[in-house]
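There are 2 protein chains.
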Amino acid sequence: MSTKSSMPVKFGRVFSAVAFLLCGACATAAVEVRVADFGVSPDARADATPGVRAALSAALDAKGGATLVFEPGEYHFYPENARALVRYVSNHDNSRAPRRFVFDVSGATDLVVDGRGARFVMHGDVTPFLIERSERVSVKNLTIDWNVPLLYEGEVLAADASGFTVRVRADEPFEVDRGAFVISADGVRWPMDTFCEFAGDGSGQAAGSADAYGFRYHAEKTGAADGRTVRFSVTDNYALPRVPREGNIIFLRCNLRAAPAFFMERSIKVSLDGVAIHHAPGMGVIAQRCEDVTLRGMRVIPNDSLGRQVSTNFDATHFVGCRGRVLIEDGEFRNMLDDAMNVHGVYLQVLRRLDDYRLVVRMPHFQAQGFIAVEAGDRLRLARFGTLLPEGEAVVTKVARRGPDEMTITFDAPIAAEVNPLDALENISWTADVVFRRNTVSGNRARSILVSTSGRVIIEDNHFNATGSAIRISGDARSWFESGPVADVLIQGNTFTNPLRCGYGRAAIDLDPEVDVPSGGTPGYYHRNIRIIKNKFRLCDRAVLLARSVDGLEFSENTIELANDFAPLNRQKTEFELVRCRNVQLERNTFSGWPAKDGIVVSGDADSLSTMRFTPGQGIKTREHGAKGQR
Amino acid sequence: MSTKSSMPVKFGRVFSAVAFLLCGACATAAVEVRVADFGVSPDARADATPGVRAALSAALDAKGGATLVFEPGEYHFYPENARALVRYVSNHDNSRAPRRFVFDVSGATDLVVDGRGARFVMHGDVTPFLIERSERVSVKNLTIDWNVPLLYEGEVLAADASGFTVRVRADEPFEVDRGAFVISADGVRWPMDTFCEFAGDGSGQAAGSADAYGFRYHAEKTGAADGRTVRFSVTDNYALPRVPREGNIIFLRCNLRAAPAFFMERSIKVSLDGVAIHHAPGMGVIAQRCEDVTLRGMRVIPNDSLGRQVSTNFDATHFVGCRGRVLIEDGEFRNMLDDAMNVHGVYLQVLRRLDDYRLVVRMPHFQAQGFIAVEAGDRLRLARFGTLLPEGEAVVTKVARRGPDEMTITFDAPIAAEVNPLDALENISWTADVVFRRNTVSGNRARSILVSTSGRVIIEDNHFNATGSAIRISGDARSWFESGPVADVLIQGNTFTNPLRCGYGRAAIDLDPEVDVPSGGTPGYYHRNIRIIKNKFRLCDRAVLLARSVDGLEFSENTIELANDFAPLNRQKTEFELVRCRNVQLERNTFSGWPAKDGIVVSGDADSLSTMRFTPGQGIKTREHGAKGQR
């Protein structure tokens, strides 16, 4: 039941109070707050921020919950009136400079934001949604786009190893400033420093184009009459490793992880339903230390109606140190410049042991700094540097911060004497179950999805039209410091189309924790219990699976076709590569398209092969190698 | 000899070429480039940036050097047309977001920027000067100010322990946004998070006010007719440790180290002559990895004509990893919110030893990240964690970066086996001599100056009207990681007025490296050879000197008056406090104002006292303490 005002009321707080009184008797019914009653009309270019923030404020004041309602149409949001708050967003670039948030949802309970099909257009460096310290928040039926996406597209007119000439879209204002290409839109002025080639037909990253070009360039306008044609020349005696194809699209990207579309922190039961994100200067959705996040029918896709080819500048969705369940269903994730999903924790690095109960630790990756990785009450597991094998657990009683990246942690029990600098701590109180189901991922740079969580993981009935590895399950305490091991993963009923046609990975599915494997005979495996069942693969590269330090790995009842749609990368020489695994099963799979003489090769060390089971008659041959890949 | 154009030429590059031809014969004469010839007129509010940048570009193109000349008057600079470049500025807040530079001096040789008394007015978040990879650059005769300083002033109308009410200056636009006080000027929107109390009479930080208030507040407009009166109430059951005095000034500060006025990197022989800086959102001058920097007649002072009370938001001048000589003469440094000068290196922290030749190290302090602390060819000295005593040296052959804060360093010689995690590396190829002479420092928060460099240091004939310690010579590898030990310091002929009337320090002169002192009998001292001679002190707190781990410390022929102008802080119980020093001399000093019964007390451990010499008859008494202060 909702309450509607029969006549428009200009001052929203008055309206809100009235609605509240009317609704005093109906405890379970939410107040409905309409932005229209706060002077906000669709299809005006004026800044909707003040009115929407006033309406949101009224909705937040309503005890018992409220629904904030939009009329269909287009709403514009500018930074000037957005809320300035210092927030550290994990896996983004941070400083103590405030970010600007349009929807500032803090401390909310039972809030619904219903766009009713509205389209929100952002101008410049703003973050549309902050959802923090809130419970039961739902955002639905709306589209987020940017007036000028902060990631430009140039059509390749000419190219050779010394550079390329592109025509920049007419709706993307830029300058060439002393050899630098500078996007200059809506108060943002960013020099481009990274390039990536996408196919001209909208299918995503150009096959064979490998990763972004990150060379030092000199840009110059060519003098063409449209003023939009720019030649990028290599400098420093560099040569392009690949010459972009005429008619393809070069993305002109500033490698700055700026504003995401949604930033969620310390919130419980947040859902996005029917939300589309056409662009974000950072990621689409980043959630940290949240519990139960659901994304249903989410579309992170380019704005096709404007002929755009790319969506978010970085990952579509990213979850750090979350718990409960991350559920992503019936979504479409297309042409981002990074992964569709990544769920992981953060390894803390031990700097030193102060006494029996205290450790000084740091957050090693700079983009994780400021993230609240641990609080009193959390249970941490110590993992040995190198192997990352577990060495015991304890509960935190106190955290004393020493700046954004360093802290002293006090435990409830004496620390085993053998804690060494560089050992890692995983927060096992904050690990999520994951369901990623009936989604389509296509065309994006990098992987389709990454998962490293010890919760239950179900990846099923998706279509992964991947340019790199489709699924990566890693974990490391050397570079990104993304924890942790998986314990229960089911990958079932998915379709994999031409993974590895661009780069990023060694096999269609990479299970490649960056760990030292214990020397022969020593027990201990990083990941365990991964089942890859009843999937269909259409491959251009014959590398199906890489597995390192996995105990319990089933690859069964899959159908694999080698179709040669694209040239293979040949980064992995054999179909299956096993490094220090145990209890691998390869059964009842169907392979087609392989030259008869080749067969399906499983290459592995003695430990992996001696405990492997496989159905004879699949054409599988095994080949034993030494301690290959051992760090 | 200079070349002048007899008629204005609109397109500067043409003019520059002409000037160049005219001047072809006179190898030692510099071309003169007038901004007026590039359409830039004084006293217009229009953005001078494009014209000035074009003129600067012409000056930079002139082989053999050039002088960029302004007419007297006021010039305005806005961010829109400033050059966007990603630069990591040490001791400031950084991210990969570009900064915006107005004067973009890169790769220059023999450039003079002569303001001829011009006043440069900045709007918003811009950095007026970048000077990088340049040699022989001089900037002179100009004033830098901000249209709206990004640090506000509120006059205290009422105050008690639960909060205070201030009236904000009429020229400082702000908003109160859900309890946060937000400065909102020239495209900047920063929430204030730090407070500091200054005296109402312009004399600087209010005596007894200790450090900034950093409490969680709730701001609300009082409803006063001017709309500029705001009540700040404490929250979280906090009580103000000091109630601000009515009529004093509360500075409303965002603790963000944003744009400095001058950023210099990798440049040689840079001088600023007759430059005034009224404000900067960050520091006044920050130089890193520069050689020979001279500041003559510099004034970092508030804009008195506008009735302003504070100058820069952080240090007036700061030098990191410089060499050659830092010379600061005849300057005035008044009412900054941080130190007048700090000269130091950066300790790198060892993370691990890879092999006989390689170490993985990090830049531990987040505000130093991105700073180029070491390059191939530099000589590093290993210092043991804790004591920071030297353990050997080696030359770097290679630096492989692993992100902004971590790198692998390869040395030319095998590393001693006993390198441990957390040991520190000092770059002894980049240590500067320092001359700080005939300057006046007054009223600023924190210390007057800090020095930690093993070059020759001369601090003479200055007036330190200090609110905390006047001179601090420290060094640590625990918090700020500022290296390193001093080896030759002369502090002579200075006048010290009422240091320690606010806080920040324990004695008028603090020689307080944050090091563990070796246990009794083990040799090793951090600093050495510090002479404090022929100075005059007028004190409100009787703590004259703190010295820790100094070998060779002379305090002679000084005149010290205890005048009781302000209440003492009594942080140090005795006049002289010595911790593990050797060869201390206290001779021919004159003390006055002390109660006859008290005498002058030198408190120290046995090692310090047993090697001390002092002239009898100064009223000095010694008092031995144990291993006090030993970490």
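One line per chain: the protein sequences are A and B, in this order.
At position 70 of the first sequence (counting the first as 1) the number is 70 in UniProt numbering, and the numbers step up by one without a gap.
At position 264 of the second sequence (counting the first as 1) the number is 264 in UniProt numbering, and the numbers step up by one without a gap.
For glycine and all other residues, C-beta sits at the position ideal for the given N, C-alpha and C.
>> Tell me which residue opens and which closes the alpha helix (DSSP H) that B/ASP607 is part of.
In response: For B/ASP607, the enclosing alpha helix (DSSP H) begins and ends at 606 to 610.
> B/GLU393 and B/ILE415: beta carbons closer than 8 Å?
Replying inline: The Cβ-Cβ distance between B/GLU393 and B/ILE415 does not fall below 8 Å.
> Is the distance from the Cβ of B/SER271 to the Cβ of B/ARG133 below 8 Å?
Replying inline: Cβ distance not < 8 Å, so B/SER271 and B/ARG133 don't count as in contact.
> Listed in chain order, which residues of the stretch 349 to 362 of chain A have Cβ atoms closer than 7 Å to some Cβ of chain B?
Replying inline: Listed in sequence order: LEU351, ARG352.
> Which parts of the stretch 305 to 366 of chain B are runs of the beta strand (DSSP E), unbroken and 3 residues or longer, counting only runs that do not cross its ends?
Replying inline: You should have 317 to 320, 323 to 329, 332 to 334, 341 to 346, 348 to 353, 358 to 362.
>> What does the alpha-carbon distance come out to for the pair B/ARG358 and B/GLY552?
In response: Distance between the alpha carbons of B/ARG358 and B/GLY552: 36 Å.
>> For a test of the three-state rule: what should DSSP assign to B/ALA51, helix, strand or coil?
In response: The sequence as given places Gly at residue 51 of chain B; Ala does not occur at that position. Three-state DSSP puts B/GLY51 in a helix.
>> Quick check: is the beta carbon of B/ASN255 nearer than 8 Å to any beta carbon in chain A?
In response: Using a CB distance cut-off of 8 Å, B/ASN255 counts as an interface residue toward chain A.
> By DSSP, does A/VAL243 sit in helix, in strand, or in coil?
Replying inline: Of the three classes helix, strand and coil, the one that applies to A/VAL243 here is coil, per DSSP.
>> Counting only beta-carbon separations shorter than 8 Å, does A/ARG100 have a partner in chain B?
In response: Between A/ARG100 and chain B, the shortest Cβ-Cβ separation is below 8 Å.
>> Going by DSSP in three states, A/ALA27 sits in which element: helix, strand or coil?
In response: Because A/ALA27 carries a pLDDT of 37, less than 50, the predicted location of this residue cannot be relied on, and no value is offered for it.
> CA-CA distance, A/TRP190 and B/PRO499?
Replying inline: Rounded to whole angstroms, the gap between the alpha carbons of A/TRP190 and B/PRO499 is 45 Å.
>> Distance cutoff 8 Å, beta carbons only. Does A/PRO421 sit that close to anything in chain B?
In response: Yes, A/PRO421 lies at the interface with chain B (some Cβ there is under 8 Å from its Cβ).
>> Between the alpha carbons of A/GLU291 and A/VAL326, how many angstroms are there, rounded?
In response: Each residue's alpha carbon lies about 8 Å from the other.
> Nearest-angstrom Cα distance between A/PRO523 and A/SER549?
Replying inline: If I take the Cα positions, the gap works out to 10 Å.
> Roughly how far, in whole angstroms, is the beta-carbon of B/GLN367 from the beta-carbon of B/SER90, given that I think they are within contact range, below 8 Å?
Replying inline: About 7 Å separates the Cβ atoms of B/GLN367 and B/SER90, confirming a contact at the 8 Å cut-off.
> Taking the continuous beta strand (DSSP E) assigned at A/TYR88, which residues delimit it?
Replying inline: Per DSSP, A/TYR88 lies in no beta strand (DSSP E) and is assigned neither H nor E.
> How would you list, in chain order, the residues of chain A whose beta-carbon sits under 7 Å from the beta-carbon of B/GLY403?
Replying inline: Correct list: PHE366.
> Buried or exposed: where does A/ASP565 fall if 16 or more other Cβ atoms within 10 Å of its Cβ makes it buried?
Replying inline: With fewer than 16 other Cβ atoms inside 10 Å of its own Cβ, A/ASP565 counts as exposed.
> Taking 8 Å as the CB-CB limit, is B/ARG83 close to chain A?
Replying inline: When Cβ-Cβ separations below 8 Å define contact, B/ARG83 makes contact with chain A.
> If you draw a straight line from the alpha carbon of A/ARG83 to that of B/GLU175, how long is it in whole angstroms?
Replying inline: Across the structure, A/ARG83 and B/GLU175 are spaced so that their CA atoms are roughly 11 Å apart.
> Where does A/GLU80 sit, in a helix, a strand or coil, going by DSSP?
Replying inline: A/GLU80: helix per DSSP, three-state reduction.
>> Can you check whether the C-beta of A/GLY187 is within less than 8 Å of a C-beta belonging to chain B?
In response: Taking Cβ atoms only, chain B reaches closer than 8 Å to A/GLY187, which makes this a yes.
>> Helix, strand or coil for A/PHE496? Go by DSSP, reduced to three states.
In response: Of the three classes helix, strand and coil, the one that applies to A/PHE496 here is strand, per DSSP.
>> If contact is defined by three or more beta carbon pairs under 8 Å, each pair taking one atom from either stretch, is the stretch 315 to 324 of chain B in contact with the stretch 350 to 364 of chain B?
In response: Touching, no.
> Alpha carbon to alpha carbon, how far is B/ALA206 from B/ALA547?
Replying inline: Near 27 Å, if we compare the C-alpha coordinates of B/ALA547 and B/ALA206.
> Could you give the C-beta distance for A/GLU587 and A/THR615, rounded to a whole number, given that I count them as a contact under 8 Å?
Replying inline: Distance from A/GLU587 to A/THR615 at the Cβ level is roughly 4 Å; contact confirmed, criterion being Cβ atoms closer than 8 Å.
> With 8 Å set as the bound, which would you pick, yes or no: does the beta-carbon of B/TRP146 sit closer than that to a beta-carbon of chain A?
Replying inline: For B/TRP146, the answer is no, since every Cβ of chain A falls outside 8 Å of its Cβ.
> Hey, does B/ASP177 have any beta-carbon neighbour from chain A nearer than 8 Å?
Replying inline: Under the Cβ criterion of 8 Å, B/ASP177 is counted among the residues facing chain A.
> Opposite B/LEU151 in the DSSP bridges: which residues?
Replying inline: Paired residue(s): none; B/LEU151 is not in a bridge.
>> With the cut-off set at 8 Å, would you say B/THR397 and B/ALA276 are in Cβ contact?
In response: Contact: no.
> Any chance the stretch 117 to 130 of chain A sits against the stretch 70 to 80 of chain A, with 3 or more Cβ pairs inside 8 Å?
Replying inline: At 8 Å Cβ cutoff, the stretches touch.
>> Using the three-state DSSP reduction, which class does B/ASP171 fall into: helix, strand or coil?
In response: If DSSP states are grouped into helix, strand and coil, B/ASP171 belongs with coil.
>> Suppose you measure from the CA of B/ALA27 to the CA of B/ARG384; what does that come to, to the nearest Å?
In response: With a pLDDT of 37 at B/ALA27, under the threshold of 50, the modelled position of that residue is not reliable, and the figure given next carries that caveat. Answer to the nearest angstrom: the Cα atoms are 53 Å apart.
> Apart from the five residues on each side of it in sequence, which residues of its chain come closer than 7 Å, Cβ to Cβ, to B/VAL168?
Replying inline: Answer for B/VAL168: TYR152, GLY154, PHE174, ARG228, VAL230, listed in chain order.
> Closest by CA to residue 649 of chain B, which one among B/VAL350, B/SER203, B/ALA446?
Replying inline: Chain B is shown from 1 up to 631; residue 649 of chain B falls before or after that span and cannot be answered.
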